[in-house]
Amino acid sequence: MTANPGTIALHVLYPRDETSTFNLEYYLSTHMALAEKAWKEHGLLTYNVIEAPDPKSPYSIATFLTWEARGESGMDGVMAGFASELGKALAEDVPNFSNRTPAVVVGPVKASNSV
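Going by the working numbering, the sequence shown opens with residue 3, and the numbers climb by one from there.
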């Protein structure tokens, strides 16, 4: 296991319950294309989208994004990305594919390992 002070992880988890809806096709073709366009200049490096196969999972979709750490706190790029006009448009786009507000966890990567 190694420390990786050069990256920021952003995880977005979309809740699943009896009445939640999620349009995966729209999310992949439109929303994530907008995310890449909005955030690449602010340090977005990679993203992965997974669909939880277990219908009892509390989340239907999880998106894991990796950002280049920028600024003293490392979070400057992420914050600038969210504050940008396209970043604001991303937040406003959520109702187009989900009727739930996602849980978001973001912070510096403290350790990573390839096995």
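Ideal Cβ positions, reconstructed from N, Cα and C, are used throughout, including at glycine.
Straight-line CA distance for residue i to residue j?
i	j	result
residue 23	residue 99	8 Å
residue 103	residue 94	11 Å
residue 40	residue 89	6 Å
residue 78	residue 55	35 Å
residue 35	residue 26	13 Å
Using a Cβ-Cβ cutoff of less than 6 Å, which residues in the same chain neighbour residue i once the five nearest sequence positions on both sides are dropped?
i	result
residue 13	66 and 107
Look up residue i in the DSSP assignment and give the residues it is bridged to.
i	result
residue 75	The partner list for residue 75 (beta bridge, DSSP) is empty, contrary to what the question assumes.
Tell me which same chain residues have a C-beta within less than 7 Å of the C-beta of residue i, skipping the five on either side of it?
i	result
residue 61	15, 16, 17, 18 and 54
Who are the Cβ neighbours of residue i in its own chain at under 8 Å, not counting the five residues just before and after it?
i	result
residue 38	46 and 49
Quick check: the segment 79-88 against the segment 15-29, are at least 3 beta-carbon pairs closer than 8 Å? no
Does the segment 36-51 come into contact with the segment 65-73, if we say contact requires no fewer than three beta-carbon pairs (one atom in each stretch) closer than 8 Å? yes
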